[in-house]
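Convert by adding 5 to the 1-based position in the sequence shown; the result is the number in the working numbering.
Everything on this sheet refers to the single structure shown next.
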Amino acid sequence: MNEDKDSFIAEVSHELRLPLANIKLLVETLLDGAVEDPFTARRMLGRAKEEVQRLQHLVDDLLSHEKLQAPLFDMRFERVNIHERALYAVETTRELADAKKVKVVMNVPENFVLMADLDQINQVLINLIENAVKFTPEGGTVIIRGGGIPPIIEVEDSGIGIAEVEIPKIFQRFYRIDRGRTRGSTGLGLSIVKHIADLHGAKISVNSKEGHGSRFTLEFPVSNRENIKS
């Protein structure tokens, strides 16, 4: 247990160090007056802002990760309308999708209800949509599906795909397929999704091929589905 904790602290320290070092360098350069051109100075401030956002995202994911690991963490199961939660997640990630001109399509029945933890379902959908958008080229598409028996939540993208050898590793804490292509990613998003799936008794699977996009599917126990007539 102590070894796991020490390893986690070392990983967190490493992940925090890079954005902090980048912010420090950018601010020191500006304070030293090394940049006289206002346009260049503004661009550097923009980069510093990106690093701050990256740091904030990492801290948010760390808090979510630690909350789920807490021995006294209490799941609050209730009737959760997945159509409404998907709409919320799409709105939450809209700025990211719009910036990349990625089209997000919803195909979730309005009466699709699961017995689940609402906050954790929000987290799952936001993490999966963010991940899909990040790995989808400009002008691509992300599709959100839900429903069925057994009930599923699915997010598919037309992105760069994942090599077969990488798929077993993507749910590991802090794992990134290619650090050069995942700027802004904390490496915790999919680990959090997997943990939430486990807490709901759901299975998570990935169907992906390099250059042909990815499809993440969460299959919930039939007992989690609430039957509501249209």
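The C-beta atom is built at its ideal place from N, Cα and C for all residues, glycine as well.
- Under the three-state reduction of DSSP, G152 is assigned to strand.
- Distance from the CA atom of G194 to the CA atom of N127, rounded to whole angstroms, is 13 Å.
- Apart from sequence neighbours up to five positions away, the residues of its chain that approach M80 with a beta-carbon distance below 7 Å are D122 and L204, ordered along the chain.
- Scanning V129, V32 and F140 for the CA closest to the CA of G216 turns up F140.
- Sorting V110, E115, S196 and N116 by C-alpha distance to the C-alpha of S163 places V110 at the top.
- With 16 or more neighbouring CB atoms inside 10 Å of its own CB, Q125 falls in the buried class.
- With respect to the 7 Å criterion, E161 and R99 are not classified as neighbours on the basis of their beta carbons.
- Here DSSP, grouped into helix, strand and coil, assigns E231 to strand.
- Each of H200, I158 and N27 was checked against the Cα of F225, and the nearest Cα belongs to I158.
- Rounded to whole angstroms, the separation of the alpha carbons of M120 and M49 is 47 Å.
- The C-alpha of V40 lies about 30 Å from the C-alpha of L101.
- In this model, V113 and A91 are separated by some 8 Å (Cα to Cα).
- Measuring C-alpha to C-alpha distances from N116 to each of L67, E89 and K174 identifies E89 as the nearest.
- Nearest in C-alpha terms to I131, of all of G145, G166, V198 and Q177, is V198.
- When secondary structure is reduced to three states using DSSP, V40 falls in the coil class, being assigned neither helix nor strand.
- I167 counts as buried, since no fewer than 16 other beta carbons sit within 10 angstroms of its beta carbon.
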